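Scroll down for the structure; my scribbles are underneath it.
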């Protein structure tokens, strides 16, 4: 499958918005995702994936156009399940990802103690 590599920050935000829209509308989706992120584990939903290096096997890693290291996250979105017109991938640093995550939660999720603690755990897990 061919992918377009998104490098523009606005494009990266757009596909992250797509993924988090899906996550937020699943029962306990945000909580489950934050727990996974705190362990540097990815989350997959409806043709959209947030992947850490440890989520991929050697074959999958060898198929990437840009190598994935231990300080970046791969965002992978299939066009059939997203607002993008082509299958797309983007690479974000842990810091960029956490910044997005923090902003998204503040804007779209009621922040109770549980969510705040899970967000803090994710920050620690991402070593930010």
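Residue numbers (our numbering): 44 to 171. Glycine included, each C-beta is placed from N, C-alpha and C at the ideal position. Keep in mind that this is a model prediction, so the values were computed, not measured.
* To do: Can you tell me which of 160, 109 and 137 puts its alpha carbon nearest to the alpha carbon of residue 49?
  => Mapped onto the chain shown, residue 49 falls at position 6. That would be 109, whose Cα lies nearest to the Cα of residue 49.
* Asked: Which same chain residues, not among the five before or five after residue 146, have their C-beta less than 6 Å away from its C-beta?
  -> Reading the chain shown from its first residue, position 103 is the one you call residue 146. Around residue 146: no qualifying Cβ.
* Assuming residue 117 and residue 132 make a contact with CB atoms under 8 Å, what is their CB distance in whole Å? -> Sequence index remark: in the chain shown, residue 117 carries index 74 (1-based). Sequence index remark: in the chain shown, residue 132 carries index 89 (1-based). That pair is a contact at about 6 Å.
* Asked: Is the region 53 to 60 touching the region 78 to 86 in the sense that three or more CB pairs, one from each, lie closer than 8 Å?
  -> no
* Taking only the alpha-carbon atoms, compute the straight-line gap between residue 74 and residue 62 and give it to the nearest angstrom. => By one-based count along the chain shown, residue 74 stands at place 31. By one-based count along the chain shown, residue 62 stands at place 19. Cα-Cα distance, rounded: 14 Å.
* **Whole alpha helix (DSSP H) elements within the region 121 to 151, 4-residue minimum** => 137 to 151
* List the residues that DSSP assigns as beta-bridge partners of residue 94. => Numbered from its first residue, the chain shown carries residue 94 at position 51. 117, per the DSSP bridge assignment.
* On a CA-only basis, which of 47, 46 and 60 is nearest residue 150? Give me that one, please. => Numbered from its first residue, the chain shown carries residue 150 at position 107. Distance from the Cα of residue 150 is smallest, within the candidate group 47, 46 and 60, for 60.
* To do: Within the same chain, show all residues whose beta-carbon is closer than 6 Å to that of residue 89, passing over the 5 residues directly before and after it, in chain order.
  => Start at 1 with the first residue of the chain shown, and residue 89 comes out as number 46. Here the set comprises 65 and 124.
* In the DSSP assignment, what are the bridge partners of residue 86? -> Here residue 86 corresponds to residue number 43 of the chain shown, with the count starting at 1. Beta-bridge pairing by DSSP links residue 86 to 93.
* Asked: Given residue 106, which residues of its chain have a CB within under 8 Å of its CB, disregarding the five upstream and five downstream residues?
  -> For the purposes of this step, residue 106 is identified with residue 63 of the chain shown, where counting begins at 1. For residue 106, where only same-chain residues beyond five positions count, there are no Cβ hits under 8 Å.
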